[in-house]
Amino acid sequence: MSSKPCVVVVTSPSGAGKTTLARGLMERLPQVTFSVSATTRPARSHERDGYDYHFMDRTAFHEAIEQGRLLEYEEVYPGCFYGTPCSEVEASSAEKPVLLDIDVHGALSVKERYGDAVLTVFIAPPSLETLKKRLRERGTETDETLAVRMTRAQYELSLADRFDVTIVNDDLDKALAAFTRLVEHHMAACEAVA
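Residue numbers (the numbering used here): 1384 to 1577.
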């Protein structure tokens, strides 16, 4: 690697708004590139392979693990794996930081590996009730998957204090402004040590 990586990791319970905030950040800071995660979950109707995720079957995913091509990975939901290709982080720099939208354990693993080159941001919902309402309104959850996601959300919220910063997404514009400021400061810090 010719330069030190510059990484921003955003994580949250499903439905808290991290993907919306990630997209808004990249509109405001176009030099930030998005790390496309690999997953074994099926694509939703609006998602495209290679753009939203690298959709893989479990065999291909496990081959990527064995070959050391994933920086981090986890079985986030039963039978549903997510991971970050190493190449996404290795190509980053202070001038072209990479944004990872990953689960809590993956975020902590990336932070442990790269230290101060990584800014970890936890996006929290205003309340669990608001989160449940947002998930229902998405129209992608059955009662069973909603229950799994809510149980997972409670667990993820218990880890929020292990992140560099937590942003409560109760007002999208304010949350995006705070997120943008944090990333700008992180980019400056990356440049100072590059």
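Don't be surprised by glycine CBs; every beta carbon is placed ideally from N, CA and C.
The model shown is predicted, which means the values in this text are computed figures rather than measured ones.
- With contact defined as three or more Cβ pairs closer than 8 Å, the stretch 1418-1430 and the stretch 1465-1475 are in contact.
- In terms of Cβ geometry, V1576 and K1387 form a close pair [threshold 8 Å].
- Counted as a single uninterrupted DSSP element, the stretch harbouring I1485 is not any alpha helix (DSSP H), since DSSP gives it neither H nor E.
- When rounded, the separation of the alpha-carbon atoms in K1516 and F1444 is 32 Å.
- Distances from the alpha-carbon of L1511 to those of V1391, P1396, R1564, E1446 put P1396 closest.
- Between S1475 and V1390, the CB-CB gap stays under 8 Å.
- Under a 10 Å Cβ-count criterion, L1518 is classified as buried, with 16 or more other Cβ atoms of the shown protein chains found around its own Cβ.
- Ranked by how close their Cα comes to the Cα of D1544, the residues T1503, T1563, T1523 have T1503 in first place.
- Within the model, the alpha-carbon separation for Q1537 versus A1490 is close to 17 Å.
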